[in-house]
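Protein chains in written order, with the numbering used here: chain A, 13 to 195; chain B, 76 to 498.
First the structure, in the form of structure tokens, and then the observations on it.
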């Protein structure tokens with residue numbers, strides 16, 4: 013079901029619920045609270061919820077290798093990220109760097125990113141930048157594997173799926189300090 | 076005319092702020108007090124032409140006067156490999172008060188502005204809740220809303236200055252990723268309550284409906300505190316470039332986490348570790364460790380006039396004015412220096428500052444015609460004091476560039492030309 017059809021159906025349902033909720037609320041009651049959210053199920057969100065987290069939640073079925081991903085990369089990514097992920101501008105370098113380098117470190121997927129899941133999550137939601145969400149899940153796995161391979165993190169024929177991807181320890185995996193407790 | 080005596084409040088011409096009440100000062104371009112009404116005033120005060128004929132009638136949508144100057148945002152150059160990506164900055168040096176007009180509010184997009192028809196837009200709440208829910212725009216409008224005035228600042232604002240670049244910038248080009256507005260919307264806590272947050276939920280992953288599906292994770296404590304699902308900005312429906320039909324608004328925190336075009340809130344045990352909370356919007360320290368989830372924007376102030384790329388026409392008395400803000404509370408006081416930070420005078424705050432909102436400060440200054448360095452320094456209600464640039468560099472280095480809240484120095488040369496300087 014397309015997103016807009018899904019939205020339209022929920023919309024109709026929520027209008028009906030709204031009328032019901034307003035009708036049920038006792039006039040002048042302090043307790044009366046409108047509750048207009050339409051009840052849905054996680055199942056209905058399968059094509060909508062794209063969050064692929066480090067614990068593997070949200071990762072779809074499927075798998076891919078860097079060898080397969082090279083073809084996807086050359087077709088869909090090369091124009092902006094260049095040969096071997098070298099980039100064509102500051103924000104398109106996705107390979108290389110060293111957090112311990114003498115000079116200010118080049119921070120890329122390989123040198124900086126703490127979680128491999130982020131690569132799948134980001135490519136699936138936002139790349140290729142000229143046509144986001146146009147890759148199949150299989151292609152996302154393949155090209156994720158290719159970017160990891162270019163960074164020397166996995167071998168060319170290592171199969172990447174929800175389990176193997178989230179098991180990868182990234183080179184800078186221990187490089188982050190979570191300050192969320194301070195706020 | 077009797078020569079008035081101005082009480083000095085700090086070196087190099089800063090006057091006691093109470094003189095603001097006596098001086099009919101305007102901003103840059105105001106001549107000295109002695110020129111407020113010249114000798115020949117009588118001869119120029121005639122009934123003007125526009126008082127002799129009717130003007131056009133009412134209109135459907137008002138525009139600024141053509142005489143008020145062509146106020147514009149300053150947008151980054153379009154980049155063909157980054158479709159819709161980039162930013163635009165508010166013209167801070169030409170604005171007054173604490174509210175940014177909606178068309179001048181700064182922007183930052185990761186994949187352009189989506190053209191959202193609210194009839195096809197949903198706000199979904201799922202994950203660790205008793206009942207996943209979907210809200211239509213029309214239904215959200217029926218909820219009890221609150222209106223709050225808050226600043227919004229991109230954590231990359233002023234970032235180039237840490238690296239020593241952009242020496243010749245304006246308040247807009249250097250610091251324009253800052254705006255202030257009244258945001259009206261439904262408290263997020265109301266909607267989360269309806270879905271029933273499970274005890275193990277610690278984070279809310281928020282996702283936008285733009286082509287980048289930009290996502291950020293918000294700790295549950297903040298989500299249940301003062302976060303809004305904002306629907307209106309300064310009284311009108313939020314504009315597309317600010318997230319129409321709805322955006323998350325996390326008061327006091329770095330702009331990026333106030334996810335625009337909000338379409339999903341997923342309750343999770345751990346952060347989603349989105350690209351924009353790992354690869355970006357993280358702060359690498361000199362020891363190469365990187366700080367993550369550094370949300371609040373630090374206490375900060377900026378003199379908006381006189382400021383970079385302006386010119387003081389002649390020696391005399393000027394009104395120094397600017398804005399101050401803090402993600403940790405309300406502004407308590409703002410001090411101004413005209414000698415590069417050796418001596419300070421307390422500025423007047425135009426109205427009682429409120430938490431996480433812009434405060435406007437002013438102070439009169441008599442420019443002698445010599446060199447000066449104008450600075451402002453804010454203190455917030457939590458006792459935080461805005462640091463000098465060297466202190467920020469010593470503490471955090473310049474590998475990262477987010478969260479630069481250092482004191483801005485505007486150098487005035489003996490010809491009256493003003494530019495960014497590092498002191």
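For each residue, glycine too, the CB sits at the ideal point set by N, CA and C.
Boundaries of the alpha helix (DSSP H) around residue 91/A: 90–93. Its chain contains 261, 265 as the residues whose beta carbon lies nearer than 7 angstroms to that of residue 218/B, once the 5 sequence neighbours on both sides are disregarded; these appear in chain order. When DSSP states are grouped into helix, strand and coil, residue 163/A belongs to the coil group.
Collapsing the DSSP output to three states places residue 192/A in a helix.
By the neighbour-count criterion, in which 16 or more other beta carbons inside 10 Å mark a residue as buried, residue 353/B falls on the buried side. Put simply, of 383/B, 349/B, 381/B the residue whose alpha carbon is nearest the alpha carbon of residue 367/B is 349/B.
Chain B has a Cβ within less than 8 angstroms of the Cβ of residue 61/A.
For residue 455/B, the uninterrupted beta strand (DSSP E) run begins and ends at 447–455, by DSSP. One Cα belongs to residue 484/B, the other to residue 143/A, and the distance between them is close to 44 angstroms.
Residue 451/B has its alpha-carbon roughly 16 angstroms from the corresponding atom of residue 458/B. Taking 8 angstroms as the cut-off, the beta carbon of residue 84/A is found closer than this to the beta carbon of residue 151/A.
For residue 197/B against residue 259/B, the beta-carbon gap comes to about 20 angstroms, at or over 8 angstroms, which does not count as contact. Close to residue 134/A, with beta-carbon spacing below 7 angstroms, are these residues of chain B in chain order: 350. Comparing alpha-carbon positions, the option among 473/B, 285/B, 142/B lying closest to residue 357/B turns out to be 473/B. Counting C-beta atoms within 10 angstroms of its own C-beta, residue 329/B has 16 or more neighbours from the protein chains shown and is therefore classed as buried. At a beta-carbon threshold of 7 angstroms, none of the residues of chain A lie near residue 335/B; the nearest stands roughly 14 angstroms away. The stretch 176–193 of chain B makes contact with the stretch 285–298 of chain B; the number of CB pairs closer than 8 angstroms reaches 3 or more.
Contact check between the stretch 229–237 of chain B and the stretch 267–280 of chain B: fewer than three CB pairs, one atom from each, fall below 8 angstroms, which does not count as touching. Under a criterion of Cβ atoms nearer than 7 angstroms, the residues of chain A adjacent to residue 269/B are, in order, 47, 49. One Cα belongs to residue 93/B, the other to residue 254/B, and the distance between them is close to 28 angstroms. For residue 182/B, no alpha helix (DSSP H) run applies; the uninterrupted beta strand (DSSP E) run containing it begins and ends at 182–184, by DSSP. When secondary structure is reduced to three states using DSSP, residue 228/B falls in the strand class. At a C-beta separation below 9 angstroms, residue 100/A has these neighbours in chain B: 156. Membership of residue 396/B in the beta strand (DSSP E) is indicated by the continuous run 391–400.
Within the stretch 236–264 of chain B, no residue places its CB atom closer than 7 angstroms to a CB of chain A.
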